[in-house]
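Notes follow once the structure below has been shown.
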Amino acid sequence: MMVVEKLDTLQSVELAEGVEIRLRMAGPMVRAGAFMLDLLIRILALFVIGLCLGWAGVALGGRVISGIGLLVWFLMDWFYPVIFEAGAWGATPGKRMMGLRVIQANGSPITFGQAMVRNFMRFIDAMPIFTYGFGVASCLSSKRFQRLGDLAAGTVVVYDRLQAMPVIASPPPMAAIPLPVGLSADETRALIMFRDRSGLWSEGRRVEIADQIVSLSGVAGTAGVNRLMAMAHWVQERRSDAPVAKVEKWKGVETK
Amino acid sequence: MTPGDFEHKNSQRWLEYERLVAGLESGKPNEHADQLPRRFRELCIDLSLVESRMYGDRLHERLNGLVIRGYNVIYRGKRGGFEHAVSFVTWRFPCAVRREWRLFLLCSLVFWLPFFAMILSAKHDMSWIQSVLGPAGMASMEQMYGGKEQQIAHLRSEYGSNFMMFCFYIYNNVGIDFRIFAGGMAAGVGTLFFLLFNGVYMGAAAGYVNQVGNPESFWTFVIGHSSFELLGMIVAGMAGMRVGLAILNPGRLPRVRALVEATKRSLPLIYGAAVMTAMAAVVEGFWSAQEIPSNIKYGVGATGWVLVSAYLLLVGRNRGYEVG
Chain H
35 MMVVEKLDTL QSVELAEGVE IRLRMAGPMV RAGAFMLDLL IRILALFVIG
85 LCLGWAGVAL GGRVISGIGL LVWFLMDWFY PVIFEAGAWG ATPGKRMMGL
135 RVIQANGSPI TFGQAMVRNF MRFIDAMPIF TYGFGVASCL SSKRFQRLGD
185 LAAGTVVVYD RLQAMPVIAS PPPMAAIPLP VGLSADETRA LIMFRDRSGL
235 WSEGRRVEIA DQIVSLSGVA GTAGVNRLMA MAHWVQERRS DAPVAKVEKW
285 KGVETK
Chain S
31 MTPGDFEHKN SQRWLEYERL VAGLESGKPN EHADQLPRRF RELCIDLSLV
81 ESRMYGDRLH ERLNGLVIRG YNVIYRGKRG GFEHAVSFVT WRFPCAVRRE
131 WRLFLLCSLV FWLPFFAMIL SAKHDMSWIQ SVLGPAGMAS MEQMYGGKEQ
181 QIAHLRSEYG SNFMMFCFYI YNNVGIDFRI FAGGMAAGVG TLFFLLFNGV
231 YMGAAAGYVN QVGNPESFWT FVIGHSSFEL LGMIVAGMAG MRVGLAILNP
281 GRLPRVRALV EATKRSLPLI YGAAVMTAMA AVVEGFWSAQ EIPSNIKYGV
331 GATGWVLVSA YLLLVGRNRG YEVG
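Those sequence lines, one after another, are chains H and S. Numbering (our numbering) for the first sequence: 35 to 290. Numbering (our numbering) for the second sequence: 31 to 354.
Structure below.
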């Protein structure tokens with residue numbers, strides 16, 4: 035498991051092209067929101083269709099109209115999500131509004147059959163008594179927020195377009211300080227992520243996190259944060275500005 | 031090379047790629063579509079570089095998003111279309127049913143045993159049937175099949191009521207098939223419950239009419255669509271049990287993996303069940319309630335059973351090896 039997966043709701047999937055993509059899994063809350071939107075859309079659609087049928091009923095007769103009404107109800111009930119999720123959007127209108135998409139666990143778009151399975155299984159997910167208790171329990175206990183229908187169809191719900199990370203400028207690096215010891219790839223990643231995200235946190239939070247690795251930075255408190263920033267800066271930009279002299283100077287500090 | 035250099039050097043290429051993908055996403059014909067695979071592979075390499083050189087989250091997220099969009103465009107599934115439907119009817123569906131013949135036996139037993147048990151129980155003791163149907167159920171059976179012959183035809187005299195009943199049977203019966211299928215997800219318990227319940231209830235209704243109603247009006251009504259409808263329901267039960275058994279007995283696969291494989295195998299069954307039940311709805315809506323001599327109705331009904339059985343047993347036998 036990579037460091038991003040420990041820190042985040044990201045899941046890595048390797049494609050046939052030999053590259054790993056990261057998918058951001060959607061949790062139960064945002065999906066519940068999408069469900070509510072869909073419910074609203076369906077109610078509105080049924081209302082509008084009902085009005086039109088009422089008008090058409092004058093010409094066609096009440097029995098024919100109630101028949102058509104039953105067919106519409108049937109399609110809305112079972113196939114509204116199937117049609118949309120199997121289509122080019124890969125999402126119901128509600129999911130699309132929330133920026134979600136349903137895909138196969140291997141990253142590719144879902145098939146009609148999968149859309150059918152995952153939505154028909156809703157019948158079980160919605161139990162007991164339409165509380166979605168089973169679905170939520172399954173979501174929370176599976177690694178990828180899959181409800182039972184997702185498990186059966188082999189699908190996951192992800193954020194379609196990853197929202198760009200909020201751009202809050204992290205404190206500009208004052209200097210580039212070389213790493214005192216060799217770090218593993220994951221440790222280096224964690225260091226860079228610390229720098230990338232530090233703009234999101236308060237000064238106190240930064241210090242709190244940086245204090246966990248005093249062994250690397252050598253000092254606690256704000257000075258430690260600055261040192262870590264400078265090290266991350268060195269890792270990312272070392273080819274351009276990391277004069278050897280600084281390394282020597284830093285070593286001097288270490289030996290004191 | 032710093033992240034900035036990397037971005038600066040390639041950003042033009044990424045923009046061109048993004049424009050291409052956006053064009054293809056919109057579904058319009060695009061003269062540069064043939065460039066997509068090459069550009070996609072380049073993006074994949076860029077993403078790998080960003081990952082291994084640790085250029086940071088911002089660049090990674092941007093390229094990650096671009097790769098996913100391209101991947102979705104390239105692997106967008108083609109819908110089956112006409113050819114797919116023909117092969118489904120001419121061999122894939124009956125072959126799928128025959129391949130699961132054990133499940134067919136199981137689901138048939140779960141339905142037919144209580145069905146006949148309820149009918150037979152009427153001869154000795156009506157209390158079983160009375161407790162299953164309840165007062166309201168018995169009253170409605172009385173109303174439909176109580177008195178003179180083919181009474182049900184009179185309930186259909188108003189204009190459009192045949193069509194309305196057809197729609198109702200689609201809504202109700204196909205919906206029941208889907209619930210039977212979904213019930214498999216509860217380790218098969220839901221599937222077995224629905225099959226058993228339908229067997230008991232239908233058996234009770236038939237037994238009640240046999241005993242106190244007008245059996246001919248009942249049997250002439252149901253015989254026409256019974257073959258499609260009941261076999262369709264049993265096939266839906268097979269689909270549900272296929273899923274349920276994968277949960278109970280995943281064999282050598284991890285349980286979730288076994289579940290995914292099982293739902294793939296159950297798909298032709300549930301498609302077929304829905305089609306059969308929809309056909310039953312056509313017959314039940316437009317034929318079964320017509321005032322037609324009983325002999326013809328029985329004849330047509332029997333022919334239906336023979337045809338459906340022959341279809342499921344015989345059609346596509348030469349293609350069986352392709353299913354594996």
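Glycine residues also receive a C-beta, built at the ideal position from the N, C-alpha and C atoms.
Return the residues of the segment 117-148 of chain H that lie within a Cβ-Cβ distance of less than 9 Å from chain S, sorted by chain order. Within the segment 117-148 of chain H, contact with chain S at the beta-carbon level (separation under 9 Å) is assigned to Ala120, Ala122, Gly124, Arg135, Ile137, Ala139, Gly141, Ser142, Pro143, Ile144, Thr145, Phe146, Gly147, Gln148.
Quick one: using the 10 Å Cβ neighbour count with 16 as the cut-off for buried, is Val287 (chain H) buried or exposed? For Val287 (chain H), the predicted model reports a pLDDT of 42, less than 50, meaning its position is unreliable; a value from the coordinates is still stated below. Within 10 angstroms of the beta-carbon of Val287 (chain H) lie fewer than 16 other beta-carbons, which makes it exposed.
Is the Cβ-Cβ distance between Gly88 (chain H) and Gly190 (chain S) less than 8 Å? Result no, Cβ atoms of Gly88 (chain H) and Gly190 (chain S) do not sit closer than 8 Å.
From the DSSP output, which residues share a beta bridge with Gln138 (chain H)? H:Thr189, per the DSSP bridge assignment.
Please return the same chain residues whose Cβ sits closer than 8 Å to the Cβ of Asn192 (chain S), not counting the five positions on each side in sequence. Closer than 8 Å at Cβ, skipping near neighbours: Arg186, Gly315, Phe316, Ala319.
What is the DSSP secondary structure of Arg209 (chain S), reduced to helix, strand or coil? Helix, per DSSP.
Assign Phe146 (chain H) to one of three DSSP states: helix, strand, or coil. The three-state secondary structure of Phe146 (chain H), taken from DSSP, is helix.
Find out if the Cβ-Cβ distance for the pair Ala152 (chain S), Gly237 (chain S) is shorter than 8 Å. Taking 8 Å as the Cβ cut-off, Ala152 (chain S) and Gly237 (chain S) qualify as a contacting pair.
For chain H, find out if any of its Cβ atoms is closer than 8 Å to the Cβ of Leu133 (chain S); answer yes or no. No - not a single Cβ of chain H is within 8 Å of the one on Leu133 (chain S).
By alpha-carbon positions, which one of S:Met268, S:Ala311, S:Leu289 ends up nearest to Glu259 (chain S)? Taking the Cα of Glu259 (chain S) as reference, the smallest distance to any Cα among S:Met268, S:Ala311, S:Leu289 is reached at S:Ala311.
Residues of the segment 80-96 of chain S with Cβ closer than 9 Å to any Cβ of chain H, in chain order: For the segment 80-96 of chain S, the beta-carbon criterion of a distance under 9 Å to any beta-carbon of chain H is satisfied by Glu81, Ser82, Arg83, Met84, Tyr85, Gly86, Asp87, Arg88, His90, Glu91, Arg92, Asn94, Gly95.
Along the beta strand (DSSP E) that carries Ser296 (chain S), what are the first and last residues, could you check? Where Ser296 (chain S) is concerned, there is no enclosing beta strand (DSSP E), although the alpha helix (DSSP H) it sits in stretches over 285-316.
Alpha-carbon spacing of Gln42 (chain S) relative to Ile75 (chain S), whole angstroms: Spanning the two alpha carbons is a distance of roughly 16 Å.
What three-state label does DSSP hand Glu55 (chain S) in the structure shown? Glu55 (chain S) falls in the helix class under three-state DSSP.
Is the beta carbon of Ala147 (chain S) sitting closer than 8 Å to the one on Gly233 (chain S)? For the 8 Å CB-CB criterion, Ala147 (chain S) and Gly233 (chain S) form a contact.
Please confirm if Ser100 (chain H) has its CB atom under 8 Å from at least one CB of chain S. Closer than 8 Å to some Cβ of chain S, the Cβ of Ser100 (chain H) qualifies, so yes.
Would Ala187 (chain H) and Gln148 (chain H) qualify as a contact pair, given that the criterion is a beta-carbon distance under 8 Å? Closer than 8 Å, so yes.
DSSP-derived helix/strand/coil call for Gln55 (chain H): Reading off the sequence, residue 55 (chain H) comes out as Ile, not Gln. Under the three-state reduction of DSSP, Ile55 (chain H) is assigned to strand.
Can the beta-carbon of Arg272 (chain S) be found less than 8 Å from the beta-carbon of Ser296 (chain S)? Contact flag set, yes.
Quick check: the Cα distance between Gly214 (chain H) and Glu291 (chain S), rounded to an integer number of angstroms? Correcting the residue type first, residue 214 (chain H) is Pro in the shown sequence and not Gly. When rounded, the separation of the alpha-carbon atoms in Pro214 (chain H) and Glu291 (chain S) is 51 Å.
Status (buried if at least 16 other CB within 10 Å, exposed otherwise) for Met150 (chain H): Buried, since its Cβ has 16 or more Cβ neighbours within 10 Å.
Under a CB-based cut-off of 8 Å, is Ala254 (chain H) close to chain S? By this cut-off, Ala254 (chain H) is not an interface position.
Buried/exposed call for Val259 (chain H), threshold 16 Cβ in 10 Å: Here Val259 (chain H) is buried: its Cβ has 16 or more other Cβ atoms, across all protein chains shown, within 10 Å.
For Leu225 (chain H), I'd like the list of residues in its chain whose CB is within less than 6 Å of its CB, leaving aside the five on either flank, ordered along the chain. By the criterion of a C-beta distance shorter than 6 Å, Leu225 (chain H) is surrounded in its chain by Ala266, once the five residues flanking it on both sides are discounted.
Mind checking which residues open and close the alpha helix (DSSP H) that includes Gln173 (chain S)? Boundaries of the alpha helix (DSSP H) harbouring Gln173 (chain S): 157-175, taken from the DSSP string.
Members of the segment 253-267 of chain S near chain H, C-beta cut-off 7 Å: Taking 7 Å as the upper bound on Cβ-Cβ separation, chain H lies near no residue of the segment 253-267 of chain S.
Please name the residue or residues paired with Leu44 (chain H) in a DSSP beta bridge. Residue pairing by DSSP puts Leu44 (chain H) in a beta bridge opposite H:Arg58.
Please tell me whether Ala60 (chain H) and Leu174 (chain H) are closer than 8 Å, where the distance is taken between their beta carbons. The Cβ atoms of Ala60 (chain H) and Leu174 (chain H) lie no closer than 8 Å to each other.
Beta carbons nearer than 8 Å to chain H: which residues of the segment 227-248 of chain S have them? Of all residues in the segment 227-248 of chain S, none places a beta-carbon less than 8 Å from a beta-carbon of chain H.
Report the residue from S:Gly53, S:Gly111, S:Tyr47 whose alpha carbon sits nearest the alpha carbon of Glu72 (chain S). With respect to the C-alpha of Glu72 (chain S), the residue from S:Gly53, S:Gly111, S:Tyr47 having the closest C-alpha is S:Tyr47.
Mind pulling the chain S residues with CB within less than 7 Å of Gly95 (chain H)? Residues of chain S with a Cβ closer than 7 Å to the Cβ of Gly95 (chain H) are, in chain order, Tyr189, Gly190.
With a threshold of 16 other CB atoms inside 10 Å of the CB of Gln173 (chain S), please say whether the residue is buried or exposed. A residue is called buried when at least 16 other Cβ atoms come within 10 angstroms of its Cβ; Gln173 (chain S) does not meet this threshold and is exposed.
How would you list, in chain order, the residues of chain S whose beta-carbon sits under 9 Å from the beta-carbon of Phe108 (chain H)? Correct list: Cys197, Ile200, Tyr201, Asn202, Val204, Gly205.
Find the residues of chain H that neighbour Ala216 (chain S), judging by a C-beta separation of less than 7 Å, and give them in chain order. Within chain H, the residues whose beta carbon sits less than 7 Å from that of Ala216 (chain S) are Ile158, listed in sequence order.
Counting pairs of Cβ atoms below 8 Å between the segment 239-257 of chain S and the segment 205-220 of chain S, do you hit three or more? In short, these stretches do not touch, since the Cβ pair count stays below three.
Run of the alpha helix (DSSP H) containing Ser257 (chain S), from where it starts to where it stops: The continuous alpha helix (DSSP H) containing Ser257 (chain S) extends over residues 245-278.
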